[in-house]
Amino acid sequence: MSKHLIHLTVNGKEHELTVASNELLLNVLRDRLYLTGSKYGCGVGDCGACSILHGDESVLSCLVLAVEADGWDITTVEGLADGDQLNPVQQAFLDNSAVQCGFCVPGMVITSTALLRENDDPSEAEIKDYLRGNYCRCTGYVAMIKSVMDAAAKMRGE
Amino acid sequence: MTVIGTDVARLDGIAKLTGKQQYTGDILIPGMMHAVLLRSPHPHAEIIKIDTSEAEKMGAVCLTYDDILINGQAVVYNERSVSVPAATYRDRTILPNKARHLYEPIAAVAADTEELAYKALQAVKVEYRVLQPVYDPQEAMEEGAPQLYDKVYLGDKEVDICNNIGVSRNISQGDVEAGFARADRIFEQDFELPRIYHAQLETKGCVVAPEPDGGITVWATAQSIHGNRQLLGRALNLPLSKINVKKIAIGGAFGSSIQVNTVTPICAALALKARRPVKLISSREEDFYSHQKYPVRFHVKMGVTNEGMITAAELSALVDFGAHQVQPLPFLGCVAGWFASLYQYGGNIGFHGTAVYTNKTPCCAMQGYGNPQTNFAIESMIDIISGEMGFDAIEFRLKNYRGVGHEFWGQGPTIRTIIKSCGVEESLLKGREIMGWSGRGRHTDKQGRIRHGLGVARGFHTSGTGGPKEGEVIDYSSAFIKINEDGSVDVVTPVMDLGGGTWDAIAKFVSEVLQVPLQRVGLSPTDTKSTAYDVCTHATRGVYCGGGAAYHVALEVRKKLLETAGRLLNEHAENLELVRDDDLGQGVVYVKGLRDNQMTVGEIARQAQINSWGTLQYAGSYRQKNCPPCFTTHFVEVAVDTLTGEITIPKVLIYGDCGTVVNPELFGGQLIGSFGRGMAYTLYENLTMNEEGGFTTKPQAASEPIYTSQPVKDGELLNHGALADYKLPTSSEMPLIENVLVRHTDTYEPTGPFGAKGIAESAIASVQAAIANAIYNAIGIRFYRLPITPEIVLQAIQKKAVK
Amino acid sequence: MGSRILLSDFAYLAPTTLAEALQILAEKQAVKILAGGTDLLLRMKLGTISHVDYVMDIKHIKELNYACLCDEKQCGSTANGAFCIGPTATLNQIAKNGDLSRLFPAQREAILAMAATSVRNRGTMAGNICNASPVADSAIPAICYGAALTLQSRRGKRIVALEDFFRGPGETELEKDEMLVNIALPVPPADSGAAFIKKSRVKPDIAKISLGVFIERDGTLIKRCRIAMGSVAPLPLYVQKISEGLAGLEMNEQLIAKTAQMVKAALKPISDLRTNQEYRRAISSVLVEEGLRLAWRNAGGELK
Ligand SMILES: Cc1cc2nc3c(=O)[nH]c(=O)nc-3n(C[C@H](O)[C@H](O)[C@H](O)COP(=O)(O)OP(=O)(O)OC[C@H]3O[C@@H](n4cnc5c(N)ncnc54)[C@H](O)[C@@H]3O)c2cc1C
Ligand code: FES
Ligand code: FES
């Protein structure tokens, strides 16, 4: 086992912490930074509940060592809204009643946000493709897909 | 304007969207320990000895069978407590002294970190006496098969278990033989449904904090906080007043937490022993082995006249429920009920159900409690008969279905109601227009590589388990509602919202009754100490029963409000009017016809306080005296690739009858989400297990090498409990969103709050048969088993072509 | 049973130069290279990997991160040059590259058919290849395009054709002290085209079966053809004999059907929990037919 001093910027806040080589980023975010919005759903990259943003890219924090994330600029679901102002994806999810139990939702809005940073006018097929790594057992996805389309339209000023 | 039937942002929406909603796993308590479970590596074994000394030297606290004894005796219970004790089989303890399925927890270890707990776990030594397992339910009943139990309890009685038969039930009505004798043709067919897994996104977990008074505070993945509390009280021998189970959001349930999760009593016992808070969260792999959906083998027999009347029907069901009873008794009753309530069958019904212990993961309810299983068999059968006898499948259904005025069995034979609202006819007639039923063609007309087919099936579920008479199942709910001194309202309900929007419905009912703006209705965070009993959010009872209780309590508060207003306005309460005033953002009360002499609800409440008359509040329990069915109809279009056997669903129409639609978008969410799960059940999901070491080792169906990167233990799931190899549909598998059509029927349930009944579980009932019927329409091949995978389809297509 | 945490006890190393990395490989025992970690960490969590003492993260080695056209001949490129992929280039980084998309559309498709975007933001093609699973999607079209791998150790460099790299499930040409340092995809000539097809249970899943085809066309004749298949053998399979036998033949539906039957007859797939051997065999011919047609069309050929 080795120990490492790492620096993380999470939701704009800088953290310096010592981690063991086998600590996972998801568990550091949840248990040490108390950012429990990112969820454990499978631990093996299959459900997307642990998705976070590394810069503008979505990443599964259950498959990243904390030490690998040294120097990263991370946004978790807690960091998407600007104060009380939800980001367009979150707002569209709320407006379209796309949330049920909510457990997949942090990962889903993170991944959708990454999509819209990359492509501000995704087609339905592109959205489905982009979200295909995020399981939702409750909703059947339809309201979520619609929400992403609505959010994109809003971001384009339509 | 009423808030009922409008779309408003759900109460917990912002919390869930910003990551601030707490779930059980998010609870962090300073000084908390982390627990992990030691699980049996054998599917069937006596535990001779457990040595935890090395683990304890590492600073761990361990829990074994010996720790759970109270006066030398282990408390035997059933995790599911919604049935009355006399109809509840009890066969399990917090930890067992015999493992009855692979990976059954047999000891628990808590330490300062999860990592340390795992390391300590590896230091625990267990001595087993390995026993022969039995996996197949038919084999389990054979002479000489390994016995999982000698004795269990039914209520307070000890009962012997013979040939592993846990429960058998025979239920009949009318004269089945005479009915068959009247038929022109008799149809018989077998159907089989697999074991599947809930795959709720939050794995089961629990956090327990011991309190200084010797009590405990509990956060758990639960569909019923009171169910958890009562079981913990019994299992730990603690007064209920010392157990506080907190209401906390749950990340999906689908029935998996109607019963108290296996981890919960273990975690509580461990926390009491450690005298420190303990957190125990299942890994996904463990969760796969905790509970699964009931697999069923059916035999269906129906008699039909040439005029298209079903004269009698008989259903046999063989259920393999695994190592513990999480209530196959009411399950069998319900299967009989769903079967009996679909069609009239000339009043002649026979049901024979047998449920058998096997060395597998215990089965529990999963959206529909036997309903999707039964519906697949019956609604496939209806399609078969229509085809064979040349009836139109919709007309045949309309002739035979049970609708208004007929009896509905809401929870087996002891909970019955008369149907008062029914959207079956509307959904079938309108649906066939929308989907172009008459143009669907016969499979013999279809050509080309990709063949399309249209199928229909209809189903229902109960709304709650209430009824005019009390039966096998407990059903009532409670609420406490008070008007605050500024006119805002607090609602305290024990009812859990599993994500469907139950709390929003409750808030809307209260808003409507008390004429307070919805924004001023708050749902209190609460727990078992400050609420009266609610049985559980199961059986699609949240809105109808939980909401019904809140509705009735709100009516009492309204009565008090008007009486108090009368005192202040010098008028009889009957002469007063209560309306919402959106400009004031409040309810106002005035003397009928005299709008200028009015008081706001806030002023009334405040005056009641200043005058020391007391708070405008009421607490009460309420039982619904009916269990109205909510109906659904599915029209599904499939496209079958005849070269690869792949099936896609280009279009679906889902009709739901929930009476008054309280939350339209959430209603749609229930129907579409259920469709997704139904699609998964029909086309993808299956828990395949390595059954090599079973009682009579049959040669494998195909003598082919099974390659997996890991060896598979006897009794182990081939996917090793990994979600990666348990495929659920993703966003990419769903039809185009414009082709997912959702409609509601124009119905009103007279016994429901504002005409509402439930919807949730009904929404999956008929998905399976609708897809299978559509496949038949596309390629002329009938599938009697789920899942209908490309492998099975292609094989069937090739076989048919050879013929 | 423990996908919640990573239990293994290892030291994390993060060399910043290739030389340093090669030294570590040469000197230490039980070292595992960490690229995106989407295979390695998963297997360490599930305990399906042998003992690991050191995890060596190569993402801090700047010189290894590239995905671009290159004309250096030493990477094994041909006359037309090659598209070179460094071992830490992520799958999405590769797929988003304009040159790759233009010159190797089937490679792009195969990469985009893998997992989902968040996995591809971390996972690498080098990792996919070194993991040496018979399902490795990115390896299938790469074999068809004639990819060459550069393996390097302190002892030196060698170039190995991708199809010769695999030895069996999880087993490769790599010596203990060696590392994959470059993947070169030779730029295809004009009049060539390729195709990739994958069948899986759901879209982001591991393949039940996959197919890659590359065809170089000479009028109505096949000049050169390379067919590769995933998930039908213990390793990503280059269907060498049958592919080579197509050279010089006239392309038509009969040839397509015949080739598909030959491939089907030659395969000895196994059953696993994704599908069974009968199915793999049954649809192999469907895939081969589709793939040949598609590649031919992409090569500018016509079919009547
Ligand atoms: C949810 C999920 C879905 C997936 N879906 C697919 C799929 O559809 N198709 C598919 O093919 N794969 C799939 N994978 C597997 C995996 O994502 C890919 O194989 C990926 O390309 C691996 O790259 P990596 O950089 O993450 O590899 P790592 O995990 O970092 O490494 C993989 C192996 O290669 C070794 N290695 C890495 N780089 C080198 C090097 N330069 N030299 C020598 N050895 C090296 C490592 O030591 C390790 O043994 C999936 C994985 C997950 C988690
Ligand atoms: S928890 Fe990371 S993908 Fe499921
Ligand atoms: S809302 Fe429950 S899993 Fe998506």
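Residue numbers (our numbering), protein chains in the order written: chain R, 589 to 746; chain P, 7 to 809; chain W, 1054 to 1357. Virtual Cβ for every residue (Gly too), placed ideally from N, Cα, C. Bear in mind the structure is a predicted one, so any value in this text is a computation, not a measurement.
Look at the alpha carbon of lysine 1229(W) and the alpha carbon of glycine 600(R), and state the distance between them as a whole number of angstroms. One-based indexing of the third sequence puts residue 1229(W) at position 176. One-based indexing of the first sequence puts residue 600(R) at position 12. Straight-line measurement puts the Cα of glycine 600(R) at about 42 angstroms from the Cα of lysine 1229(W).
8 angstroms CB neighbourhood of lysine 566(P) in its chain, flanking five on each side removed: As a first step, residue 566(P) must be located in the second sequence, where it is residue number 560. Within the same chain, lysine 566(P) has close Cβ partners Leu622, Gln623, Tyr624.
Closer than 8 angstroms to chain R by CB, phenylalanine 1249(W): The residue given as residue 1249(W) occupies position 196 in the third sequence. Output row for phenylalanine 1249(W): interface = no.
Per-residue contacts from valine 1255(W) into chain P (C-beta, under 8 angstroms): Stepping through the third sequence from its first residue, residue 1255(W) is reached at position 202. Around valine 1255(W), the beta-carbon contacts reaching into chain P at under 8 angstroms are Tyr690, Lys733, Leu734, Pro735, Thr736, Ser738, Glu739.
Using a Cβ cut-off of 8 angstroms, pull out every chain P residue sitting near arginine 1057(W), in sequence order please. Counted from its first residue, the third sequence places residue 1057(W) at position 4. By Cβ distance, chain P contributes Glu120, Ile287, Ser289.
Note down, in chain order, each residue of its chain lying with its Cβ closer than 7 angstroms to the Cβ of threonine 585(R), except the 5 sequence neighbours on either side. Residue 585(R) is absent from the model: chain R starts at 589 and stops at 746.
Where glutamine 1146(W) falls: helix, strand or coil (DSSP): As a working mapping, residue 1146(W) is identified with position 93 in the third sequence. Glutamine 1146(W) carries a helical assignment under DSSP once its states are collapsed to helix, strand and coil.
Shortest alpha-carbon distance to methionine 147(P) belongs to which of Ile249(P), Leu321(P), Asn84(P), Ala361(P)? Along the second sequence, one-based indexing puts residue 147(P) at 141. Nearest of Ile249(P), Leu321(P), Asn84(P), Ala361(P) to methionine 147(P), Cα basis: Ala361(P).
Please identify the residue among Glu767(P), Tyr661(P), Gly700(P) whose C-alpha is closest to the C-alpha of glycine 548(P). Reading the second sequence from its first residue, position 542 is the one you call residue 548(P). Residue Glu767(P) is the option with its Cα nearest to glycine 548(P).
What separation, rounded to the nearest whole angstrom, lies between the Cα atoms of serine 444(P) and arginine 438(P)? In the second sequence, the residue the question calls residue 444(P) occupies position 438. In the second sequence, the residue the question calls residue 438(P) occupies position 432. The alpha-carbon atoms of serine 444(P) and arginine 438(P) are separated by roughly 7 angstroms.
Quick check on the contact list: which residues have their beta carbon closer than 6 angstroms to a heavy atom of ligand 2? Taking a cut-off of 6 angstroms from the heavy atoms of ligand 2, the residues with a C-beta inside it are Tyr628(R), Gly629(R), Cys630(R), Gly631(R), Gly633(R), Asp634(R), Cys635(R), Gly636(R), Ala637(R), Cys638(R), Leu648(R), Cys650(R).
Any heavy atom of ligand 4 closer than 7 angstroms to the CB of glutamine 688(R)? Of the ligands this structure carries, namely ligand 1, ligand 2 and ligand 3, none is ligand 4.
The region 642 to 661 of chain R: positions lying closer than 9 angstroms to chain W by Cβ: Within the region 642 to 661 of chain R, those residues whose Cβ lies closer than 9 angstroms to any Cβ of chain W are, in chain order, His642, Glu645, Ser646, Val647, Leu648, Cys650, Leu651, Val652, Leu653, Val655, Glu656, Asp658.
Of all the options Leu651(R), His595(R), Val736(R), which has the alpha carbon lying nearest to the alpha carbon of valine 677(R)? Against the first sequence, residue 677(R) aligns to sequence position 89. Answer by Cα proximity: Val736(R).
The beta strand (DSSP E) enclosing leucine 529(P), as first and last residue numbers: Here the question's residue 529(P) lines up with position 523 in the second sequence. Looking at the DSSP string, the run of the beta strand (DSSP E) that includes leucine 529(P) is 527 to 529.
When you compare the CB of histidine 592(R) with every CB in chain W, is at least one pair closer than 8 angstroms? For the purposes of this step, residue 592(R) is taken as the residue at position 4 of the first sequence. Yes, histidine 592(R) counts as interfacial toward chain W.
Just to confirm my understanding: we take aspartate 18(P), look at its own chain, exclude 5 residues before and 5 after, and list those with CB closer than 8 angstroms. What are they? For this step, residue 18(P) is matched to residue 12 along the second sequence. Within the same chain, aspartate 18(P) has close Cβ partners Gln27, Ala255, Asp503, Trp509.
Is asparagine 722(R) helix, strand or coil by DSSP? Residue 722(R) sits at position 134 when you count from the first residue of the first sequence. In the structure shown, asparagine 722(R) sits in coil (DSSP, three-state: anything other than H, G, I, E or B).
Contact set between threonine 699(R) and chain W, taken where Cβ atoms lie within less than 8 angstroms: Within the first sequence, numbered from 1, the residue matching residue 699(R) stands at position 111. In chain order: Thr1170, Ser1171.
Per DSSP, tyrosine 407(P) is paired with what? As a position in the second sequence, residue 407(P) is number 401, starting the count at 1. For tyrosine 407(P), which the question treats as bridged, DSSP gives the partners Tyr349(P).
Using 8 angstroms as the threshold, is the C-beta distance between leucine 1093(W) and isoleucine 1111(W) below it? If you number the third sequence from 1, residue 1093(W) lands on position 40. If you number the third sequence from 1, residue 1111(W) lands on position 58. No Cβ-Cβ contact shorter than 8 angstroms links leucine 1093(W) with isoleucine 1111(W).
Any chain W beta carbon closer than 8 angstroms to asparagine 267(P): Locating residue 267(P) in the second sequence gives position 261, counting from the first residue. Nearest CB-CB separation between asparagine 267(P) and chain W: not below the 8 angstroms threshold.
Just to confirm the assignment, what range does the alpha helix (DSSP H) spanning methionine 387(P) have? Against the second sequence, residue 387(P) aligns to sequence position 381. From DSSP, the alpha helix (DSSP H) with methionine 387(P) extends over 377 to 395.
What does serine 681(P) touch in chain R if you count any residue whose Cβ is under 8 angstroms from its own? Mapped onto the second sequence, residue 681(P) falls at position 675. It is worth fixing the name first, because residue 681(P) is phenylalanine in this sequence and not serine. Under the 8 angstroms cutoff, chain R gives Gly728.
Chain W contact for cysteine 692(R) (CB, 8 angstroms cutoff): Here residue 692(R) corresponds to residue number 104 of the first sequence, with the count starting at 1. Answer no: the Cβ-Cβ gap between cysteine 692(R) and chain W never drops below 8 angstroms.
Give, in chain order, every residue of the region 640 to 671 of chain P whose Cβ lies closer than 8 angstroms to some Cβ of chain W. The region 640 to 671 of chain P vs chain W, Cβ under 8 angstroms: Leu649, Thr650, Gly651, Glu652.
When the Cα atoms are used, what is the spatial distance from leucine 792(P) to leucine 590(P)? Residue 792(P) sits at position 786 when you count from the first residue of the second sequence. Residue 590(P) sits at position 584 when you count from the first residue of the second sequence. Rounded to whole angstroms, leucine 792(P) to leucine 590(P) spans 57 angstroms at the Cα level.
Could you give the uninterrupted runs of the beta strand (DSSP E) lying entirely in the region 501 to 554 of chain P, keeping only those of 3 residues or more? Within the region 501 to 554 of chain P, the complete beta strand (DSSP E) runs of at least 3 residues are 527 to 529.
Distance check for cysteine 68(P) and glutamate 62(P), CA to CA, integer angstroms please. By one-based count along the second sequence, residue 62(P) stands at place 56. By one-based count along the second sequence, residue 68(P) stands at place 62. The alpha-carbon atoms of glutamate 62(P) and cysteine 68(P) are separated by roughly 7 angstroms.
Proximal residues of chain W, C-beta to C-beta of threonine 694(P) below 8 angstroms: Position 688 of the second sequence, counting from 1, holds the residue named residue 694(P). Ordered by position in chain W, the residues that pass the 8 angstroms Cβ test against threonine 694(P) are Leu1326.
Quick check: does the Cβ of glycine 728(R) come within less than 7 angstroms of any heavy atom belonging to ligand 3? As a working note, residue 728(R) is residue 140 in the first sequence. Glycine 728(R) Cβ: outside cutoff for every heavy atom of ligand 3.
Can you find a C-beta in chain R that's less than 8 angstroms from the C-beta of valine 9(P)? Your numbering for residue 9(P) matches position 3 in the second sequence. It does not: the Cβ of valine 9(P) has no partner Cβ on chain R nearer than 8 angstroms.
Is there a Cβ from chain R that is less than 8 angstroms from the Cβ of proline 1175(W)? What you label residue 1175(W) is simply residue 122 of the third sequence in a count that begins at 1. Here the sequence assigns arginine to residue 1175(W), which means proline is not the residue at that position. By this cut-off, arginine 1175(W) is an interface position.
What distance in whole Å lies between the Cβ atoms of glycine 429(P) and cysteine 2(P), which are believed to be in contact at a cut-off of 8 angstroms? Here chain P covers residues 7 to 809 and nothing more, so residue 2(P) does not appear.
Within 8 angstroms, strictly: CB atoms of tyrosine 1107(W) and valine 1084(W): Here residue 1107(W) refers to the residue found at position 54 of the third sequence. Here residue 1084(W) refers to the residue found at position 31 of the third sequence. In contact: tyrosine 1107(W) and valine 1084(W) (Cβ atoms closer than 8 angstroms).
From alanine 274(P) to threonine 209(P), what does the alpha carbon distance come to, in whole angstroms? The sequence position of residue 274(P) within the second sequence is 268, counting from 1. The sequence position of residue 209(P) within the second sequence is 203, counting from 1. For alanine 274(P) and threonine 209(P), the distance between alpha carbons rounds to 18 angstroms.
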